[in-house]
Structures are given as structure tokens and as C-alpha cells.
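Enquirer: Going by this note's numbering, the sequence shown runs without a break in its numbering and finishes at 164.
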Amino acid sequence: MKNTTWDDPSRFYSKEKNEHAFDLIEYQDRARDIYSPKRLFELWEDVCKQYDRGFIGKYALDEMKAVIWPKLHTLSSSPFFRN
82 MKNTTWDDPS RFYSKEKNEH AFDLIEYQDR ARDIYSPKRL FELWEDVCKQ YDRGFIGKYA
142 LDEMKAVIWP KLHTLSSSPF FRN
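1) Would Ala112 and Ile137 be called neighbours here (beta carbons separated by less than 9 Å)?
2) Taking the alpha-carbon of Glu144 as reference, which of Pro118, Tyr132 and His154 has the nearest alpha-carbon?
3) Does the distance from the C-beta atom of Tyr108 to that of Leu156 stay below 9 Å?
4) Looking at Leu153 and Leu105, is the spacing between their C-beta atoms short of 9 Å?
5) Per DSSP, what kind of secondary structure is Arg120 in: helix, strand or coil?
6) Between Leu142 and Glu126, what straight-line distance do the alpha-carbon atoms span, to the nearest angstrom?
In C-alpha cells:
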């Protein structure tokens, strides 16, 4: 007999838990408005969690990466954020 409880790991995540649907434009705007590396990393972590849970697809993940990563690079190059 097949154990069906292990077939689908996404069974732990329901669309109902995600109260706010992922709005790519809103998240991109938020990323563009953030000037704190810590907050930008937190936003990226949130995007990755939503991808891992299946709430967003690869396209949205790649679009967010295209906005967040260059900005993180720019912020990390800034003398303001260096020790």
C-alpha cells in the first residue's frame, strides 16, 4: 500500500495561508524603494519562500532576482554601508 501522505510536500501549504496574493509589480516597486541591504535581503527571503511553497513560479522569481540582485550589488559597493 502506498503512503500518500509523503507524495506531495506542498500539502502543508495551502493558498488560504497566503492571505495576500503575490503581486509582481508591487514587489518590484517595493524592492526599488528599499535602500537598506538588510530589508532587501528580507524581501528576497520572502520571495524565495513564496517560490519554495509554490505560490509563485520561476518567471516571478527571475523577475524579482533581476531587480533585487543588482541593487544589492550597488548597495554593497556603497561606502556608506562599508565598515
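Heads up, the beta-carbon is just placed ideally off N, CA and C, and yes, glycines get one too.
Expert: With the structure as the only source:
1) no
2) Tyr132
3) no
4) no
5) helix
6) 11 Å
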